[in-house]
Amino acid sequence: MKKRKVQQLSGVKLRAFQEEPDSDEEPDIVLMATELKERGKEAASNGDFAEARSLLGRAVRLMPGSADLHEAHSQVLLELGRTWEAVRAAGRAVELRPQWAEAHLALARAQLNLGEVR
Numbered sequence: 001m002k003k004r005k006v007q008q009l010s011g012v013k014l015r016a017f018q019e020e021p022d023s024d025e026e027p028d029i030v031l032m033a034t035e036l037k038e039r040g041k042e043a044a045s046n047g048d049f050a051e052a053r054s055l056l057g058r059a060v061r062l063m064p065g066s067a068d069l070h071e072a073h074s075q076v077l078l079e080l081g082r083t084w085e086a087v088r089a090a091g092r093a094v095e096l097r098p099q100w101a102e103a104h105l106a107l108a109r110a111q112l113n114l115g116e117v118r
């Protein structure tokens, strides 16, 4: 009986593990924020963290309820040495999606750089 339950649940995607939670935002805003996020990630991977910060900051302002955007913004802020801002951004990601491990990891990294974790 247990095996059947596991098989039935194997196709279920839990909300905590989804890429992005359901959004109540307008489709155009979501599209714009997604575009800014992708451009920001590309800028960060090219080492242009100032541009990445600008792009991700704009995306966060468009969709302030997106944990994914706050987490990505936190990583870029940390690269720029803006540790307190990184802690705040990662903390917001944790508030928005408490079960998301990546948000907790970003917060821990930022706190470690700030000296809050021993």
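In UniProt numbering, the protein residues as written are 1 to 118.
Just so it is clear, CB atoms sit at the ideal spot from N, CA and C, and this is done for glycine as well.
Since we're looking at a predicted model, the values are computed, not measured.
contact_flag[the segment 43-56, the segment 73-82] where n(CB pairs < 8 Å) is 3 or more = For the pair of segments examined, the segment 43-56 was found to touch the segment 73-82: the number of CB pairs separated by less than 8 Å reaches three.
task = Go to Trp91, then tell me how far its alpha helix (DSSP H) extends in each direction, as first and last residue.
result = Taking the sequence shown and counting its residues from 1, one reaches residue 91 at position 91. The sequence shown places Gly at residue 91, rather than the Trp named in the question. Counting along the chain, the alpha helix (DSSP H) containing Gly91 begins and ends at Thr83 to Leu96.
ask   = So the alpha helix (DSSP H) Ser54 belongs to, where does it begin and stop?
value = Translated into the one-based positions of the sequence shown, residue 54 becomes position 54. Note, Ser54: alpha helix (DSSP H), Phe49 to Leu62.
message = Please classify Arg61 as buried or exposed, where buried requires at least 16 other C-beta atoms within 10 Å of its C-beta.
response = Within the sequence shown, numbered from 1, the residue matching residue 61 stands at position 61. Arg61 sits exposed, since fewer than 16 C-beta atoms from the chains shown fall within 10 Å of its C-beta.
request  = Go ahead and pull the three-state DSSP assignment for Ser66.
outcome  = Looking up residue 66 in the sequence shown gives position 66. Ser66 falls in the coil class under three-state DSSP.
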